[in-house]
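Structure record follows, encoded as structure tokens.
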Amino acid sequence: MEKQQQYWRQNLRLTGALLAVWFVATFVVGWFARELQSFTVLGFPFSFFMAAQGALLIYLILVGYYAYRMDQLDREYGMQETDL
Amino acid sequence: MGAPVQSQFFSQLKRYYAIYTGGVIGFIVMLSILEQMGVPNKVLGYIFLGVTVSLYAGIGILSRTSDVAEYYVAGRRVPAMFNGMATGADWMSAASFIGLAGTLYLSGYDGLAFVMGWTGGYCLVALLLAPYLRKFGHYTIPDFLGARYGGSLPRSIGVFAAILCSFTYVIAQIYGVGLIVSRFTGLDFGVGVFVGLGSILVCSFLGGMRAVTWTQVAQYVILIVAYLIPVIWLSVKHTGNPVPQAAYGYVLQQVTARENVLNDAATPEGAREAEVRAIFKERLASDEAKLKALEIGGANYLVAERAKLIHVLEGLKAQPHADPKAIIEAERELAEFPKDVTAARNAWRAAVETDKAKSSPIIAHAEPFAGPDEETRDNKRKNFLALVLCLMVGTAALPHILMRFYTTPSVKEARMSVFWSLLFISLLYITAPALAVLAKYDVYTLLVGSSFSELPSWVSAWAAVDKTLMSVTDINKDGIVQLAEITIGGDLIMLATPEIAGLPYVVTALVAAGGLAAALSTADGLMLTIANTLSHDVYYKMIDPRAPTTRRLIISKSLLLVVAVFAAYITSLKPGDILFLVGAAFSLAASAFFPALALGIFWKRANKAGAVIGMVSGLGTCMAYMFITYPFFGVNAPLWWDINPISAGIFGMPVGFIGVIVGSLITAAPSKEIQAMVDHVRYPNMRLDSFVEKN
């Protein structure tokens with residue numbers, strides 16, 4: 148039981164952290180889009196780059212990292228599925 | 006199923022689809038050779054659509070099945086990568102394929118709400134729902150609500166909401182199918198709808214989820230190839246770089262520079278633009294005056310205006326040497342004169358909107374929330390973020406997407422499969438903004454400033470096909486095209502890209518086939534969701550729990566037919582404003598499902614009363630807001646905090662969350678069995694005998 152609770156807490160912490168990144172990349176950058184357009188990334192105004200490409204890459208990394216890290220956690224806590 | 010069998014299955018699939026992809030490319034090459042040999046375009050179009058549709062049908066027939074698990078969840082052995090492709094095709098609709106680039110062309114930065122919203126939602130799917138739903142391992146989304154909250158009430162509300170949002174969405178898809186088929190084969194729209202319907206049915210009728218999955222993978226390959234080829238070509242043409250996503254930053258700078266020139270009345274080109282804008286300003290004043298006179302005079306004013314036109318026409322005809330062009334113009338004006346007060350009001354309001362847009366300076370493509378004053382800009386920002394949130398949460402609540410994650414072999418594969426889904430989806434969504442900028446560059450540099458006597462061939466070709474997609478009129482009679490003289494419909498951007506890039510007709514046919522694949526695959530997934538929900542949740546779980554499997558499948562298949570014919574019938578009536586329906590589906594799903602699903606997994610204390618109150622109040626708030634604010638319903642109440650009706654979910658979601666929480670806290674905690682079920686969903690290795698699938 149102890150182990151399960153720890154696993155679940157780790158999962159919640161990971162989920163919370165990744166959702167925070169998701170929120171900042173989407174809504175905080177979006178809120179300040181007008182202020183952030185003055186500097187340039189790869190030829191794009193920063194806010195345009197974020198909305199058209201940057202956010203998408205961040206989402207991909209978040210989802211990929213979650214799958215990788217949870218797989219690790221599953222093994223650490225012996226939570227892998229048995230053959231169904 | 007054992008691991009070696011699964012990995013063998015996976016490598017077999019990879020081989021099949023590699024051969025398939027090679028075959029598709031070979032087919033395109035073969036058709037372009039046929040084109041060189043002088044085969045007419047129309048025939049090429051027919052071959053293209055015919056071959057791809059029969060391919061999907063072939064896969065559908067090969068995947069026929071009479072096994073329940075195969076029919077509902079493709080046997081739960083779809084490898085993560087292929088489930089990702091199928092989800093991608095399921096997800097990307099006709100609106101994404103054909104409409105998105107145009108929306109981005111027309112609204113610049115503000116259109117990127119769709120790009121972020123339709124991808125970022127997968128973070129929520131991955132982190133909050135997919136692995137847990139997979140572990141739960143039943144067949145539908147109402148299934149989860151029924152098991153988690155107990156009793157048929159939560160399940161019934163789930164069924165109602167699932168059908169409501171899937172049905173509004175499927176109508177938009179069938180509409181897209183009808184449009185593409187009729188445009189590229191010359192068949193009537195109604196016939197196109199039923200032809201498309203036939204091809205949707207052969208894919209899903211015999212094999213359910215299994216057939217839909219494997220056709221969707223095939224459809225994904227066609228749609229992504231069709232999307233990328235013309236954009237890559239256009240990118241090479243303008244930048245010499247075959248990676249449009251990397252190259253268009255530079256093109257965007259040039260577009261911005263052009264915008265500045267055209268907005269600056271001190272430059273010769275800017276002066277000509279200003280001239281055209283001044284003409285539109287005059288028209289604006291006269292159209293507004295007409296609208297005002299109409300409100301005062303009503304039908305009498307219309308009759309008087311009409312009499313004036315007839316008088317002018319007769320005067321012209323009476324002259325012995327009248328200009329024939331002027332007579333034709335006067336006759337056209339009389340023929341187009343609105344028939345009654347409502348028609349006149351609508352036509353003139355639209356005219357005022359056009360005049361307003363055309364008489365103001367060009368809005369910079371890359372500028373977020375552009376507006377003349379702080380209030381407008383804040384308003385746009387608010388609506389942008391609200392729309393992004395509704396689209397994201399809606400993504401994570403649409404049943405036809407969530408259902409796909411029941412089909413993977415394990416929780417681990419379900420997590421990976423969201424990653425693959427997002428990767429395959431992002432490939433298109435990251436390309437669309439590039440296409441919009443490249444097309445804009447073409448229009449701003451090559452079309453603007455060219456002479457009316459020698460317009461680029463794609464302009465005259467599309468102007469001849471459909472005036473709402475492309476029209477250029479010499480407003481200030483200087484013989485040169487100004488930006489304000491060009492009217493472009495959003496759908497044109499994707500449809501005309503092959504011609505703008507100077508590619509052969511085969512690529513145009515390929516784009517049509519890609520659009521068709523996008524619409525068909527989404528329609529497949531949605532119809533199956535509706536039919537499965539009705540047959541599994543309503544018939545099997547509520548009406549006859551002892552029904553044998555054969556009867557369940559027969560019921561499911563007959564319902565699929567009924568739903569399909571009903572949806573096609575509704576579509577052939579051409580209900581107004583399709584785009585609004587699509588947007589509405591997201592807000593509805595976000596308000597109805599998301600709070601109950603997420604809290605059901607992350608909060609053990611959530612119970613039946615909470616779920617019922619939360620879902621009903623969330624959905625109710627969302628529907629009520631749409632009803633009172635959307636012009637279609639005619640109530641026209643003032644907006645709350647200036648939020649547009651498309652983002653009604655922004656009110657429905659919090660109400661839904663509060664409903665679940667309050668409703669749960671004022672009633673007793675859920676039973677031990679239900680709490681055990683939540684544990685079962687949370688820990689991948691935990692088994693629960695009462696929840697093990699029964700077939």
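Chains R and A, in that order, give the protein sequences.
Residue numbering for the first sequence follows the numbering used here, beginning at 148 and increasing consecutively.
Residue numbering for the second sequence follows the numbering used here, beginning at 6 and increasing consecutively.
Where a beta carbon is used, it is the ideal one built from N, C-alpha and C, also for glycine.
Treat the numbers as computed from the prediction; the structure is a model and nothing was measured.
Item                                                                                                                                                                                  : Value
By DSSP, does P235/A sit in helix, in strand, or in coil?                                                                                                                             : helix
Could you list the residues in the stretch 172 to 196 of chain R with a C-beta less than 9 Å from some C-beta on chain A, going in chain order?                                       : A172, T173, F174, G177, W178, A180, R181, L183, Q184, T187, V188, L189, G190, F191, P192, S194, F195 and F196
Can you tell me whether F696/A is helix, strand or coil according to DSSP?                                                                                                            : Because the pLDDT at F696/A is just 45, under 50, the model does not fix this residue reliably, and the value given afterwards should be weighed accordingly. Helix at F696/A.
Using C-beta distances below 8 Å, list every residue in its chain close to H316/A, excluding the 5 sequence neighbours before and after it, in chain order.                           : none
Is the number of C-beta pairs between the stretch 586 to 595 of chain A and the stretch 390 to 407 of chain A that are closer than 8 Å three or more?                                 : yes
Between the beta-carbon of V357/A and the beta-carbon of E293/A, is there less than 9 Å?                                                                                              : yes
Name the chain A residues whose beta carbon is nearer than 7 Å to that of M226/R?                                                                                                     : Y688, P689 and N690
Measuring only the C-alpha atoms, how far is Y110/A from H370/A?                                                                                                                      : 8 Å
Going along the chain, which residues of its own chain have a beta-carbon closer than 8 Å to the beta-carbon of G494/A, five neighbours each way excluded?                            : G107, D471, T473, L474 and M475
Return the residue from the list A283/A, L289/A and A349/A that minimises the CA-CA distance to G302/A.                                                                               : A349/A
Nearest chain A C-beta to Q157/R closer than 9 Å, yes or no?                                                                                                                          : no
Determine, using beta-carbon pairs with one atom in the stretch 609 to 619 of chain A and one in the stretch 668 to 683 of chain A, whether at least three such pairs fall under 8 Å. : yes
Consider the Cβ of C395/A: report whether some Cβ of chain R lies at a distance smaller than 9 Å.                                                                                     : no
Taking Cβ to Cβ, would you say T502/A is nearer than 9 Å to L202/A?                                                                                                                   : no
Here's the rule: buried if 16 or more other CB atoms are within 10 angstroms of the residue's CB, otherwise exposed. What is Y50/A?                                                   : Before going further, note that residue 50/A is Gly rather than Tyr in the sequence given. Buried, because 16 or more other Cβ atoms sit within 10 Å of the Cβ of G50/A.
Any Cβ of chain R within less than 9 Å of the Cβ of F607/A?                                                                                                                           : yes
So does the stretch 213 to 222 of chain A actually touch the stretch 599 to 606 of chain A, counting three or more Cβ pairs closer than 8 Å?                                          : no
Closest Cβ-Cβ distance between S415/A and chain R: below 9 Å?                                                                                                                         : yes
For I493/A, name the three-state secondary structure that DSSP assigns.                                                                                                               : strand
Which bits of chain R does L254/A rub up against, with CB to CB less than 7 Å?                                                                                                        : Note that residue 254/A is Gly in the sequence shown here, rather than Leu. The answer, in chain order, is L189, G190 and F191.
Which residues does DSSP list as the beta-bridge partners of P192/R?                                                                                                                  : T187/R
So is the beta-carbon of L515/A under 8 Å away from any non-hydrogen atom of the ligand FAD?                                                                                          : The ligand FAD is not part of the structure shown, which contains no ligands of any sort.
As an exercise, report each continuous beta strand (DSSP E) stretch of at least 3 residues that is fully enclosed by the stretch 192 to 230 of chain A, in chain order.               : none
Classify T513/A as buried or exposed, calling it buried when 16 or more other Cβ atoms lie within 10 Å of its own Cβ.                                                                 : buried
Measure the C-alpha to C-alpha separation of W2/A and N351/A and round it to an integer number of angstroms.                                                                          : Since the first and last residues shown for chain A are 6 and 700, residue 2/A lies out of range.
Does the separation of the CB atoms of T419/A and R139/A fall below 9 Å?                                                                                                              : It should be pointed out that residue 419/A corresponds to Ala in this sequence rather than to Thr. Their beta carbons are under 9 Å apart, which means A419/A touches R139/A by this criterion.
Q250/A and A439/A: beta carbons closer than 9 Å?                                                                                                                                      : yes
Within the same chain, show all residues whose beta-carbon is closer than 6 Å to that of I168/A, passing over the 5 residues directly before and after it, in chain order.            : I535
What does Q200/R touch in chain A if you count any residue whose Cβ is under 7 Å from its own?                                                                                        : Q250 and I435
Less than 9 Å between the C-beta atoms of Y206/R and G31/A, yes or no?                                                                                                                : no
Could you check whether T26/A and Y77/A sit closer than 9 Å to each other, using their CB atoms as the reference points?                                                              : no
Over what stretch of residues does the beta strand (DSSP E) that includes S476/A continue unbroken?                                                                                   : M475 to V477
Step through the CB atoms of chain A and report whether any lies within less than 9 Å of the CB of A214/R.                                                                            : yes
Do you know offhand how far S37/A's Cα is from V511/A's?                                                                                                                              : 6 Å
Pairing CB atoms from the stretch 386 to 395 of chain A with CB atoms from the stretch 53 to 65 of chain A, are three or more of them under 8 Å?                                      : no
In this structure, how does DSSP classify M6/A when only helix, strand and coil are distinguished?                                                                                    : At M6/A, the pLDDT of 45 sits below 50, so the modelled position is not reliable; the number obtained from the coordinates is stated separately. Correct three-state label for M6/A: coil.
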